[in-house]
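*Asks:* In the numbering used here, the protein residues as written are 537 to 789. Structure below; questions to follow.
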Amino acid sequence: RDGLKLCIVGKPNVGKSSLMNSLLNSDRAIVTDIPGTTRDTIEEFASISGIPVRLIDTAGIRETEDKIERIGIEKSRESLSSADVVIFVLDGSAEISEEDREIMNHLGGKKVIFVINKSDLDTKITPENIEEIMNGKEVSPVGGEEGKFSYLSLSALTGEGVGELSEEIRRMVYNGEASAENEILITNVRHKDLLERSLRSLSDATEMLSAGEALDFAETDIRTAWSLLGEIIGETVNQDILAEVFSRFCLGK
Numbered sequence: 537r538d539g540l541k542l543c544i545v546g547k548p549n550v551g552k553s554s555l556m557n558s559l560l561n562s563d564r565a566i567v568t569d570i571p572g573t574t575r576d577t578i579e580e581f582a583s584i585s586g587i588p589v590r591l592i593d594t595a596g597i598r599e600t601e602d603k604i605e606r607i608g609i610e611k612s613r614e615s616l617s618s619a620d621v622v623i624f625v626l627d628g629s630a631e632i633s634e635e636d637r638e639i640m641n642h643l644g645g646k647k648v649i650f651v652i653n654k655s656d657l658d659t660k661i662t663p664e665n666i667e668e669i670m671n672g673k674e675v676s677p678v679g680g681e682e683g684k685f686s687y688l689s690l691s692a693l694t695g696e697g698v699g700e701l702s703e704e705i706r707r708m709v710y711n712g713e714a715s716a717e718n719e720i721l722i723t724n725v726r727h728k729d730l731l732e733r734s735l736r737s738l739s740d741a742t743e744m745l746s747a748g749e750a751l752d753f754a755e756t757d758i759r760t761a762w763s764l765l766g767e768i769i770g771e772t773v774n775q776d777i778l779a780e781v782f783s784r785f786c787l788g789k
């Protein structure tokens with residue numbers, strides 16, 4: 537139940553719930569054409585391009601007199617403040633509104649992916665429009681320049697472009713641009729075991745050196761740790777790895 541916290545935000549009826557369903561490949565969130573359908577945050581744990589994530593669909597942020605919807609919007613703002621990555625969904629079939637600008641004020645220094653949804657319709661939002669609401673900060677297409685906010689167009693309805701969003705999340709994690717706050721993500725049980733075994737070997741080596749034992753004894757444990765860590769990055773290989781691969785995957789001739 538740990539992972540990168542991805543918060544999907546936007547004004548009502550821009551396609552946040554549809555996008556969440558597309559990323560999960562299931563009808564988890566209720567989708568209607570009535571603004572304000574989602575009145576509470578919806579959380580699901582999933583794997584996106586091999587990255588463990590906590591995916592959060594939020595209530596559309598706007599001014600409203602509806603007491604229940606206001607509570608949901610406040611929870612949305614709380615989720616936004618603790619998010620590791622924010623997916624800011626914009627309705628590409630309409631021009632940027634004051635509601636979009638208001639949400640921008642709550643982003644702070646977050647890592648943001650701007651999603652221009654409804655690419656299956658006529659698009660009225662450009663990258664320049666996004667830069668304008670960000671007070672001139674530059675944006676680049678997904679997979680583009682590091683350090684800039686990224687954007688992409690997709691259709692949560694048809695699924696076109698959703699794969700590119702998943703790939704951008706993977707890229708941000710592996711490039712070190714995004715990480716779960718105070719967490720180290722280990723996505724493979726074998727890697728976890730190798731890390732634990734290497735830690736034990738290094739601890740043994742440290743104890744021997746502290747006790748004044750001969751360096752040869754410590755060297756053995758250090759070499760063991762080096763070999764174990766090498767198995768994670770592919771620098772060292774043993775027959776156990778090959779057996780593990782063949783036990784988990786059906787390989788053709």
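Note that beta-carbon positions come from the ideal geometry of N, C-alpha and C, so glycine has one too. Just so you know, these numbers come straight off a predicted model, no measurement behind them.
Report all residues from its chain with a CB closer than 8 Å to the CB of Val-675; omit the five preceding and five following residues, and keep chain order.
*Replies:* Cβ neighbours of Val-675 beyond the five flanking positions: Phe-650, Pro-663, Ile-666, Glu-667, Lys-684, Phe-685, Ser-686, Tyr-687.
*Asks:* For Cys-543, does the three-state DSSP call read helix, strand or coil?
*Replies:* Reduced to three states, the DSSP call for Cys-543 is strand.
*Asks:* With a threshold of 16 other CB atoms inside 10 Å of the CB of Leu-751, please say whether the residue is buried or exposed.
*Replies:* Flag for Leu-751 reads exposed.
*Asks:* Does the stretch 689-709 come within contact of the stretch 732-739, defined as at least 3 CB pairs closer than 8 Å?
*Replies:* Segments in contact, no.
*Asks:* Taking its Cβ as the centre, do 16 or more other Cβ atoms sit within 10 Å of Ser-746, making it buried, or is it exposed?
*Replies:* Exposed.
*Asks:* Leaving out the 5 sequence neighbours to the left and right, which residues in its chain are closer than 8 Å to Glu-631 when beta-carbon positions are compared?
*Replies:* The answer, listed in chain order, is Lys-660, Ile-661, Asn-665.
*Asks:* Is DSSP giving Val-709 helix, strand or coil here?
*Replies:* Helix, per DSSP.
*Asks:* Could you tell me if Asn-641 is buried or exposed, where buried requires 16 or more neighbouring beta carbons within 10 angstroms of its beta carbon?
*Replies:* Exposed, because fewer than 16 other Cβ atoms sit within 10 Å of the Cβ of Asn-641.
*Asks:* Identify whether Asp-627 lies in helix, strand or coil by the three-state DSSP scheme.
*Replies:* Strand at Asp-627.
*Asks:* Helix, strand or coil, according to DSSP, for Asn-549 in the structure here?
*Replies:* Coil, per DSSP.
*Asks:* Following the continuous alpha helix (DSSP H) through Val-725, name the residue where it begins and the one where it ends.
*Replies:* From DSSP, the alpha helix (DSSP H) with Val-725 extends over 725-746.
*Asks:* Distance, Cα to Cα, Gly-645 vs Leu-616?
*Replies:* If you take the alpha carbons of Gly-645 and Leu-616, they lie about 11 Å apart.
*Asks:* On the three-state DSSP scale, how would you describe Asp-593?
*Replies:* In this structure, Asp-593 counts as strand in the three-state DSSP scheme.
*Asks:* Can you tell me where the alpha helix (DSSP H) with Ile-584 in it begins and where it stops?
*Replies:* Where Ile-584 is concerned, there is no enclosing alpha helix (DSSP H), although the beta strand (DSSP E) it sits in stretches over 578-584.
*Asks:* If you scan the stretch 637-673 from start to end, which runs of the alpha helix (DSSP H) of 4 or more residues do you find wholly inside it?
*Replies:* Here the runs fully enclosed are 663-669.
*Asks:* Would Ile-544 and Ile-652 qualify as a contact pair, given that the criterion is a beta-carbon distance under 7 Å?
*Replies:* Not a contact, by the Cβ cut-off of 7 Å.
*Asks:* Could you tell me whether the Cβ atoms of Ile-592 and Glu-579 are closer together than 7 Å?
*Replies:* Yes, the pair counts as a contact, with Cβ atoms nearer than the cut-off.
*Asks:* For Ile-669, collect the residues of the same chain with a Cβ closer than 7 Å to its Cβ; drop the 5 residues on either side in sequence, then sort them by chain order.
*Replies:* Counting only Cβ-Cβ distances below 7 Å, and skipping sequence neighbours, we find Ile-632, Asp-636, Arg-637, Met-640.
*Asks:* DSSP beta-bridge partners for Phe-685?
*Replies:* For Phe-685, which the question treats as bridged, DSSP gives the partners Val-675.
*Asks:* Please list the terminal residues of the continuous alpha helix (DSSP H) segment that includes Ile-769.
*Replies:* First-last of the alpha helix (DSSP H) with Ile-769: 751-769.
*Asks:* In the DSSP output, what is Val-621 paired with across the bridge?
*Replies:* Looking at the DSSP assignment, Val-621 forms a beta bridge with Leu-542, Lys-647.
*Asks:* Pull the bridge partners of Ile-587 from the DSSP assignment, please.
*Replies:* Answer is Ile-584.
*Asks:* Can you tell me the Cβ-Cβ gap for Ala-692 and Gly-551, rounded? I've got them flagged as a contact below 8 Å.
*Replies:* Their Cβ separation, rounded to whole angstroms, is 4 Å, which keeps Ala-692 and Gly-551 in contact under 8 Å.
*Asks:* Can you give the Cα-Cα distance for Lys-541 and Thr-742, rounded to whole angstroms?
*Replies:* Answer to the nearest angstrom: the Cα atoms are 36 Å apart.
*Asks:* Can the beta-carbon of Ala-761 be found less than 7 Å from the beta-carbon of Leu-738?
*Replies:* In this structure, Leu-738 lies closer than 7 Å to Ala-761 by Cβ.
*Asks:* Under a Cβ-count criterion, where at least 16 other Cβ atoms within 10 Å of its own Cβ denotes burial, should Arg-759 be classed as buried or exposed?
*Replies:* That one is exposed.
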